[in-house]
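Plus 1 on top of the position in the sequence shown (first one is 1) and you've got the working numbering.
To keep things clear, I will list the structure first and then write my remarks on it.
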Amino acid sequence: MNGHNPIRVMVLASLLAGGAAWAQGGPFDGLRGEMSARAAADGVPEGPLLRKIREGEAKHVPPPRVKAVVVRLHEQLVAARAVCSNLATDGAECIEAGAVALGSGATPEQLNRVLTAPTAPLDGVARARAFYAVADLQARGIDTEMAVSQVADALRAGGANALDRAGAFPAHVELPAPPAVGREGQLPVRNPTRDRDHSAERGKAKGPKENQGRSDDAKRPTVDRMEPPAAGSEGRPEGSGERGNSDD
């Protein structure tokens, strides 16, 4: 015998492979570390990035697609940081809300117009409420420029008090009905204070049957949505036009 036990060799190989996989971590661990480092270097909150990665992981979205989404979100956070740069406190709230508004289609210039509308400067929380108001109006089908103008006009007329208690809409603006379905490729964004207050108000105004089966997600501002790949479509480029043998 040459001293090599085949079973022992197989066990050692398995242990080595397992150890290498453990050291490397899951497919999203490296992305988490990379985006945390980027967030720290650029002075933006890492929370939105890590939540987006966790969402993609839970939905079994391919890592390259998740990375593309979080890199775009990171760029929006960096752009929002420039808008919120002169804040001493509550900067993270302003940055996150600004990224939501930018992800909904607003530009940094438009967000600056919102901030310069009131006669008195807005603090970080009030800025965040204003940015969520812009995103909410856009989610209801209002053109971005008009949404910015409506929020700016409300702030110009009444300052921070022009936004309602939940921080969702300018108090004087009559909103159209929200679209039944969110924008393609986007995910509802949670604004916990606003969502809780508005859900309670809707529950009082409507009976149980009317509320049953309705989704609050259609009423919230949106950012990129990551859906799990459809069965049989893995590896197929989006928009490739390929179809199966059966008719849709």
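Ideal Cβ positions, reconstructed from N, Cα and C, are used throughout, including at glycine.
Whole angstroms is fine: what's the gap from residue i's alpha carbon to residue j's?
i: Q139; j: A129; result: 15 Å
i: P49; j: E94; result: 11 Å
i: L116; j: P63; result: 38 Å
i: G186; j: V70; result: Note on G186: pLDDT 34, under 50, position unreliable in the model; the coordinate value appears next. Going from the Cα of G186 to the Cα of V70 covers about 10 Å.
i: L74; j: Q151; result: 26 Å
i: V72; j: M36; result: 8 Å
i: A41; j: G142; result: 35 Å
i: S241; j: D91; result: The predicted position of S241 is uncertain, since its pLDDT is 43 and thus under 50; a value taken from the coordinates is nonetheless stated next. The straight-line gap from Cα to Cα measures roughly 44 Å.
i: A88; j: K53; result: First, the amino acid is wrong: residue 88 is Leu here, not Ala. Roughly 25 Å separates the two Cα atoms.
i: T145; j: E56; result: 27 Å
i: D218; j: Y133; result: In this prediction, D218 scores a pLDDT of 41, lower than 50, which makes its location untrustworthy; no coordinate-derived value is stated.
i: D124; j: A131; result: 11 Å
i: K220; j: A127; result: Bear in mind that the predicted position of K220 carries a pLDDT of just 41, short of 50, making it too unreliable to give a figure here.
i: P65; j: G34; result: 15 Å
i: P109; j: M147; result: 15 Å
i: H61; j: A38; result: 24 Å
i: D43; j: A100; result: 14 Å
i: R197; j: N162; result: Unreliable placement is indicated for R197, whose pLDDT of 44 sits below 50; the coordinate value is still reported in the next sentence. Each residue's Cα considered, the two are about 20 Å apart.
If I'm right that residue i touches residue j with Cβ under 8 Å, what's the distance once you round it to whole angstroms?
i: R114; j: I96; result: Contact doesn't hold; Cβ gap of about 18 Å is too wide.
i: A102; j: A136; result: 5 Å
i: A98; j: G160; result: With a Cβ gap of about 18 Å, A98 and G160 do not count as contacting.
Going by the beta-carbon positions, is the gap between residue i and residue j smaller than 8 Å?
i: Q111; j: V67; result: no
i: A153; j: A118; result: yes
i: G106; j: Q77; result: no
Take residue i as the anchor and find which of the options has the nearest alpha-carbon.
i: L51; options: F29, R141, D144; result: F29
i: C85; options: V45, R33, A38; result: V45
i: E47; options: G159, L32, A118, Y133; result: L32
i: P58; options: G27, L78, E76, R39; result: The sequence as given places Glu at residue 58; Pro does not occur at that position. Per the Cα distances, G27.
Distance cutoff 8 Å, beta carbons only. Does residue i sit that close to anything in chain D?
i: V71; result: Among the chains in the structure shown there is no chain D, since it carries only a single protein chain.
Which runs of the alpha helix (DSSP H) spanning at least 4 residues fall entirely within the region 59 to 115, listed in chain order?
If we require 4 residues or more, the alpha helix (DSSP H) runs fully inside the region 59 to 115 come out as 64 to 84, 92 to 104.
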